[in-house]
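Presented below is the structure to which this report refers.
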Amino acid sequence: MQNLIKFNGVTVFQDERPVVGNLSIEVKQGEFIYLLGKTGSGKSSFLKTIYGDLALTNGTANVCGFNLLNLKPSEIPFLRRKLGIVFQDFQLLSDRSIYENLKFVMKATGWKDEPKIKTRITEVLQKVNLEGKETKKPHELSGGEQQRVSIARALVNEPDLILADEPTGNLDPETSEEILKLFKQISESGRAVLFATHDMLVYNKFKSRTLLFENGRIEDKA
Ligand SMILES: Nc1ncnc2c1ncn2[C@@H]1O[C@H](COP(=O)(O)OP(=O)(O)O)[C@@H](O)[C@H]1O
Ligand SMILES: [Mg+2]
54 MQNLIKFNGV
64 TVFQDERPVV
74 GNLSIEVKQG
84 EFIYLLGKTG
94 SGKSSFLKTI
104 YGDLALTNGT
114 ANVCGFNLLN
124 LKPSEIPFLR
134 RKLGIVFQDF
144 QLLSDRSIYE
154 NLKFVMKATG
164 WKDEPKIKTR
174 ITEVLQKVNL
184 EGKETKKPHE
194 LSGGEQQRVS
204 IARALVNEPD
214 LILADEPTGN
224 LDPETSEEIL
234 KLFKQISESG
244 RAVLFATHDM
254 LVYNKFKSRT
264 LLFENGRIED
274 KA
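Per the working numbering, residue 54 is the first one in the sequence shown, and the count goes up by one each step.
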């Protein structure tokens, strides 16, 4: 099977300070992988390296066919189109409907045909169990529903890899479990999901491969 991520001997730096050292990992299609570690252990820095927000300065790394060492700024938008990214704070446009939120991202990534846009929005909203919510504004939805909109937005371009940085950090335990299950389901449909959390309650919901961030290194636990 194809590797979506392959890192070899990578150290992630923030301000010239090593955050996670000598990292070698491979991620394949269909995997669900927890990134587990305390606040400040380097989970976000690792994810930022994968999506080209933090420049790689050493080792070798390939993400969805892109070589991260010497990645040109002009290549970053093309790398991002292979990825779906979900954050703790949803990052929805508050003055626009759910439909407009999704359409905004689609327009920015090259969608032009209005009927195709409409069909795709219906499809992704179905995938996250939000059909019929097109005309709602974000504030008319619950936190869990807003996070599901941001997951739908991450899915519109059928990415191979989903990066979720503490996606349940603002949600209550019950809603967190729903969101976790949704990501698990997404991984079972053939994408890979990296799910960062420091929340043991969430982590203990089911067992899966884990990258444990501790003491400046990552332990890879099957
Ligand atoms: N933009 C930044 N500039 C400098 N240092 C940073 C920056 N972001 C994070 N750090 C530092 O890098 C380390 C890892 O942080 P981070 O990757 O955010 O960890 P986590 O996501 O696990 O909480 C911390 O010591 C943090 O203070
Ligand atoms: Mg973080």
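Ideal placement from N, C-alpha and C gives every residue a C-beta, glycine not left out.
Owing to the predicted nature of the structure, the values given are computational and were not obtained by experimental measurement.
Along the alpha helix (DSSP H) that carries residue i, what are the first and last residues, could you check?
i: residue 71; result: It is not in any alpha helix (DSSP H) - residue 71 instead sits in the beta strand (DSSP E) that spans 70-81.
i: residue 186; result: No alpha helix (DSSP H) holds residue 186; DSSP gives it neither H nor E.
For residue i, list the residues DSSP reports as bridge partners.
i: residue 270; result: 267
i: residue 218; result: 140, 249
Does ligand 1 have a heavy atom nearer than 7 Å to the CB of residue i?
i: residue 64; result: no
i: residue 163; result: no
i: residue 72; result: yes
i: residue 93; result: yes
i: residue 67; result: yes
i: residue 97; result: yes
i: residue 248; result: no
i: residue 140; result: no
i: residue 243; result: no
i: residue 90; result: yes
i: residue 266; result: yes
Using three-state DSSP, classify residue i as helix, strand or coil.
i: residue 66; result: strand
i: residue 60; result: strand
i: residue 197; result: helix
i: residue 154; result: helix
i: residue 211; result: coil
i: residue 127; result: helix
i: residue 178; result: helix
i: residue 149; result: coil
i: residue 206; result: helix
i: residue 275; result: coil
i: residue 134; result: helix
i: residue 260; result: coil
i: residue 172; result: helix
i: residue 160; result: helix
Flag residue i as yes when its Cβ comes closer than 7 Å to any non-hydrogen atom of ligand 2, and as no otherwise.
i: residue 106; result: no
i: residue 101; result: no
i: residue 218; result: yes
With a threshold of 8 Å between beta-carbons, can residue i be considered close to chain B, or not?
i: residue 165; result: Considering every chain present, this structure includes no chain B. It has just one protein chain.
Kindly examine ligand 3 and report whether one of its heavy atoms sits closer than 7 Å to the Cβ of residue i.
i: residue 264; result: Among the ligands in the structure shown, ligand 3 does not appear; only ligand 1 and ligand 2 can be found there.
### Task
Would you mind listing the alpha helix (DSSP H) stretches within the region 222-257 that are 4+ residues and don't spill past its ends, in chain order?
226-241, 253-256
### Message
Runs of 4 residues minimum, wholly inside the region 82-124: which ones carry the alpha helix (DSSP H) assignment?
### Response
96-103
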